[in-house]
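Going line by line, the protein sequences match chains L and B. First residue of the first sequence: 8, per the working numbering; consecutive thereafter. First residue of the second sequence: -8, per the working numbering; consecutive thereafter. Think of the CB as a built atom: it goes at the ideal place given N, C-alpha and C, for glycine as much as any other residue. Below is one structure, written out as structure tokens; the observations come after it.
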Amino acid sequence: MPPRLVGGADLAHEMAMGRIDTDFLARFFQAAAARLDAQRDELCHLDGEIGDGDHGSSMANGFAAVAALVRGGRHVPEDPAALMREAAAAFLGDVGATVGPLYATAMLDAAKALDRGPLPLDRSPEFLAAMAGGIARRGKAGPGDKTMLDAWLPAVHAAELALREGASVSEAAWRAAASARAGAEATATMIASRGRAARLKERSLGHRDPGAVSAALILEGFAEAVGPRPAGIGA
Amino acid sequence: MQRFINDPDDIVDETVRGFVKAHGDLVRQHPENARVVVAQGAPVAGKVGIVTGGGSGHEPAFIGYTGRNMVDAVAVGELFSSPTAKSFLDAIRAADGGSGVCVLYGNYAGDNMNVKMAARMAAKEGIEVLTVVANDDICSAPPEERDKRRGVAGEILMWKIGGAKAAQGASVREVQAAAQKALDATRSVGVGLAPCTLPANGKPNFEIPAGRMEIGIGHHGEPGREVVDLASADGVADEMLRIVLDDHDLGAGDEVCVLVSGLGATPVNELYVLYNRIESQLSERRIRVHKPFVGNYFTSLEMMGATLTVMKLDEDLKALLAAEAASPGLGVSA
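Quick look at the structure:
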């Protein structure tokens, strides 16, 4: 694929708005890793209710491995796809279970969305949709199955809608994160039909899906990398 | 519950280290991956490599079946959690003697994804990888959805047959076919009497009321077919056998391999009580037990209960079952 060429006024506009380049990904990985690490015990506790109690450690350790790739900065801001592929390999080397392959596939698909170079932030829904698409493809789950997709899919939709309505890129990202959070809360009303909790069937009712909760933390990390939270969105 | 434990986060690494020290005649640690165990002498040039892997907490499965004419390399996961794709890939590489690798594993979402990703990466390196996915657990899905069934203790017989076939110098396709044939001839059922607790979690993963038993329970406490009053040992044995015979094509004159495994906390003597009844009931139906295995072959931490596995034999499977093999979990003398 040829590189995406932008220049002059377009480039200036894009630089002002921000882009998903390696510097952005570094901020994203670090913010997501910090949020997951802070909620490590809470996620393990949630997982203990309906799973094996290690989701917090898996996610926090996996994103710590990814964040370690960008410690000290990166010198090639124009090749975020390569960094995304490294992130997928790092995650896959550290995390097993189902979340390892699910996020590794998400990152590989997101890398494809960056193959033509950095993506301007008003196209961030494409990046998020690629992540969600990778998770859906690998896990063969759909909306309402009480999985991480119940956070990812509403987030993608909210980001698209916000930008269509003329919101700023940072407002769109934070609305996506808020929708992910609401989606994660809603999983408490769902009966698991995929993943480890599926073996509990109706026993899973009343518990939030830990994978959806960690997905909301990742999307908050993404939003944090885009910009500060605008007043009045999320909590 | 009281445990021998240091830090829950270290339990898997310490298990693997102790295991390798205890069985150094048969196995070794992968030099770069702490979560891969390799058979001494593997890879054997020209021999098809046998790989498996799965979550920890099922010891002696999965690591215990690493050895001579058995499994060449095993990927080790967290407790009840699939190994990483990287560990499966390292196990595949370690087992590859240049003639391809068969990954013989159980039907669980995480294992399916990680094996698939590892197999694709290995293929890019020029290693031919074929898989067989064990689905011997009868109660985990109805017969018309057999592909959804989970793999349980029948995996051990699949490894034995696959390992023996590979040792004969068969091609990777022939090894896959033999392992698949063993699996297709095998059915398992579990009965749970009490749950188990993951140390990091700290509470039992399900509940079985006193005086009750869960028929068809899975290897991680997956719900079974029904929870009923606890019967006598003979009553439990009869029920397990009924479930197997209802799902299996077995009749007078057939020969079988029977494997009765404890789930961790059940005393071994009770497994013999079960086997005593199972054998006499099979005899009454003129089904001959050609080869029995009774003991803790595939456990689930300290779950209380047992699994029954029955493999229907033909001359071909009998010969492969009888072939010499040595592993910490299972040995067959020449």
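Take D129 of chain L as the anchor and find which of L:G146, L:G173, L:A72, L:P84 has the nearest alpha-carbon.
For the purposes of this step, residue 129 of chain L is taken as the residue at position 122 of the first sequence. Comparing Cα-Cα distances from D129 of chain L to each of L:G146, L:G173, L:A72, L:P84, the minimum goes to L:G173.
Beta strand (DSSP E) segment containing C248 of chain B, residue limits
Within the second sequence, the letter at position 257 stands for residue 248 of chain B. Run containing C248 of chain B: 246 to 253, per the beta strand (DSSP E) assignment.
Would you say A370 of chain B lies against chain L (beta-carbon separation less than 9 Å)?
There is simply no residue 370 of chain B to check, as chain B begins at -8 and stops at 325 in what is shown.
Using 9 Å as the threshold, is the C-beta distance between V247 of chain B and G253 of chain B below it?
For the purposes of this step, residue 247 of chain B is identified with residue 256 of the second sequence, where counting begins at 1. For the purposes of this step, residue 253 of chain B is identified with residue 262 of the second sequence, where counting begins at 1. Going by C-beta atoms, V247 of chain B is not nearer than 9 Å to G253 of chain B.
For chain B, find out if any of its Cβ atoms is closer than 9 Å to the Cβ of S221 of chain L; answer yes or no.
For the purposes of this step, residue 221 of chain L is taken as the residue at position 214 of the first sequence. Not one chain B Cβ lies under 9 Å of S221 of chain L.
Every unbroken alpha helix (DSSP H) inside the segment 67 to 98 of chain B [4 residues or more]
76 to 86
Short of 6 Å in beta carbon distance, which residues of its chain neighbour A165 of chain L, apart from the five on each side in sequence? Order them along the chain.
Taking the first sequence and counting its residues from 1, the one referred to as residue 165 of chain L is at position 158. Closer than 6 Å at the Cβ level, and outside the excluded window around A165 of chain L, lie R182, A183, S186.
9 Å is my cut-off, CB to CB: does L109 of chain L come that close to chain B?
The residue given as residue 109 of chain L occupies position 102 in the first sequence. At least one chain B Cβ lies under 9 Å of L109 of chain L.
Using the Cα positions of I2 of chain B and G58 of chain L, report the straight-line distance between them to the nearest angstrom.
Taking the second sequence and counting its residues from 1, the one referred to as residue 2 of chain B is at position 11. Taking the first sequence and counting its residues from 1, the one referred to as residue 58 of chain L is at position 51. Each residue's alpha carbon lies about 18 Å from the other.
What residues of chain L sit near M(-8) of chain B, judged by a beta carbon separation below 7 Å?
Against the second sequence, residue -8 of chain B aligns to sequence position 1. Per Cβ cutoff of 7 Å: no residues; M(-8) of chain B is ~15 Å from chain L at best.
To which residues of the same chain is A137 of chain L closer than 6 Å at the C-beta, ignoring the five residues directly before and after it?
Numbered from 1 along the first sequence, position 130 holds the residue referred to as residue 137 of chain L. Same-chain partners within the cutoff: D116, A117, A120.
Roughly how many angstroms separate the alpha carbons of E230 of chain B and L95 of chain B, rounded to a whole number?
The sequence position of residue 230 of chain B within the second sequence is 239, counting from 1. The sequence position of residue 95 of chain B within the second sequence is 104, counting from 1. Cα-Cα distance, rounded: 29 Å.
On the DSSP bridge assignment, give the partners of F284 of chain B in chain order.
The residue labelled residue 284 of chain B in the question sits at position 293 within the second sequence. Per DSSP, B:L250.
Segment contact flag, the segment 123 to 139 of chain B with the segment 184 to 197 of chain B, C-beta cutoff 8 Å, min 3 pairs
no
Inter-residue spacing [alpha-carbon to alpha-carbon] between V235 of chain B and M302 of chain B:
Here residue 235 of chain B refers to the residue found at position 244 when the second sequence is read from its first residue. Here residue 302 of chain B refers to the residue found at position 311 when the second sequence is read from its first residue. Each residue's Cα considered, the two are about 10 Å apart.
Report buried or exposed for S64 of chain L, applying the criterion of at least 16 other Cβ atoms within 10 angstroms of its Cβ.
One-based indexing of the first sequence puts residue 64 of chain L at position 57. Burial call: buried.
The segment 165 to 182 of chain B contacting the segment 97 to 113 of chain B, beta-carbon criterion three pairs below 8 Å:
no
Output, in chain order, the set of chain L residues within a Cβ distance shorter than 7 Å of N192 of chain B.
Position 201 of the second sequence holds residue 192 of chain B. Neighbours of N192 of chain B on chain L, chain order: G55, D59, G60.
Using a Cβ-Cβ distance cut-off of 9 Å, determine whether G100 of chain L contacts chain B.
One-based indexing of the first sequence puts residue 100 of chain L at position 93. Yes, G100 of chain L lies at the interface with chain B (some Cβ there is under 9 Å from its Cβ).
Considering only residues of the same chain and omitting the five flanking positions on each side of P34 of chain B, which have a CB-CB separation below 7 Å?
For the purposes of this step, residue 34 of chain B is taken as residue 43 along the second sequence, with counting starting at 1. The residues are G40, D63, A85, A86, D87, G88.
For N98 of chain B and A125 of chain B, believed in contact at Cβ under 8 Å, the rounded distance:
Mapped onto the second sequence, residue 125 of chain B falls at position 134. Mapped onto the second sequence, residue 98 of chain B falls at position 107. Right, the Cβ-Cβ distance comes to about 6 Å (below 8 Å), so this counts as a contact.
Just checking: is the beta-carbon of A3 of chain L within a distance shorter than 9 Å of some beta-carbon in chain B?
Limits of chain L in this structure are 8 at one end and 242 at the other, which puts residue 3 of chain L out of reach.
Give me whichever residues DSSP pairs with V124 of chain B in a beta bridge.
Within the second sequence, numbered from 1, the residue matching residue 124 of chain B stands at position 133. Paired residues: B:Y96.
Using C-beta distances below 6 Å, list every residue in its chain close to L148 of chain B, excluding the 5 sequence neighbours before and after it, in chain order.
Position 157 of the second sequence holds residue 148 of chain B. Contacts found: A173, T177, M302.
Check whether the segment 257 to 274 of chain B touches the segment 282 to 291 of chain B, taking contact to mean three or more Cβ pairs, one atom from each stretch, closer than 8 Å.
yes
Could you say which of B:L304, B:D307, B:Y266 lies nearest to A297 of chain B if we only look at CA atoms?
For the purposes of this step, residue 297 of chain B is taken as residue 306 along the second sequence, with counting starting at 1. It is B:Y266 whose Cα lies nearest to the Cα of A297 of chain B.
Contact set between the segment 60 to 79 of chain B and chain L, restricted to residues whose Cβ is under 8 Å from the partner
G68, E69, L70, F71, S72, S73, P74, T75, A76, K77, S78
Determine the direct distance from the alpha carbon of G146 of chain L to that of A67 of chain L, and round the result to whole angstroms.
By one-based count along the first sequence, residue 67 of chain L stands at place 60. By one-based count along the first sequence, residue 146 of chain L stands at place 139. Each residue's Cα considered, the two are about 20 Å apart.
Taking all protein chains shown into account, do 16 or more other C-beta atoms lie within 10 angstroms of the C-beta of P87 of chain L, making it buried, or fewer, making it exposed?
Residue mapping note: residue 87 of chain L aligns to position 80 of the first sequence, counting from 1. By the 10 Å Cβ count, P87 of chain L comes out buried.
List in chain order: all unbroken alpha helix (DSSP H) runs of 4+ residues lying wholly within the segment 141 to 205 of chain B.
145 to 158, 163 to 175
Can you tell me whether F134 of chain L is buried or exposed, with buried defined as 16 or more other CB within 10 angstroms of its CB?
Taking the first sequence and counting its residues from 1, the one referred to as residue 134 of chain L is at position 127. Result: buried.
Please decide whether A75 of chain L counts as near chain B, where near means a Cβ-Cβ distance under 9 Å.
If you number the first sequence from 1, residue 75 of chain L lands on position 68. Judged by the 9 Å Cβ criterion, A75 of chain L is not in contact with chain B.
Does the segment 20 to 27 of chain B come close enough to the segment 52 to 62 of chain B to have 3 or more Cβ pairs within less than 8 Å?
no
Just the chain B side, please: which residues come within less than 7 Å of A117 of chain L by C-beta, in chain order?
Counted from its first residue, the first sequence places residue 117 of chain L at position 110. Result: empty, since nearest Cβ-Cβ is about 16 Å, beyond 7 Å.
Taking V77 of chain L and L32 of chain L to be in contact with their CB atoms under 8 Å, please state how far apart those CB atoms are, rounded to whole angstroms.
Counted from its first residue, the first sequence places residue 77 of chain L at position 70. Counted from its first residue, the first sequence places residue 32 of chain L at position 25. That pair is a contact at about 7 Å.
Contact residues within the segment 104 to 130 of chain B, judged by C-beta distance below 7 Å to chain L:
M104, N105, M108
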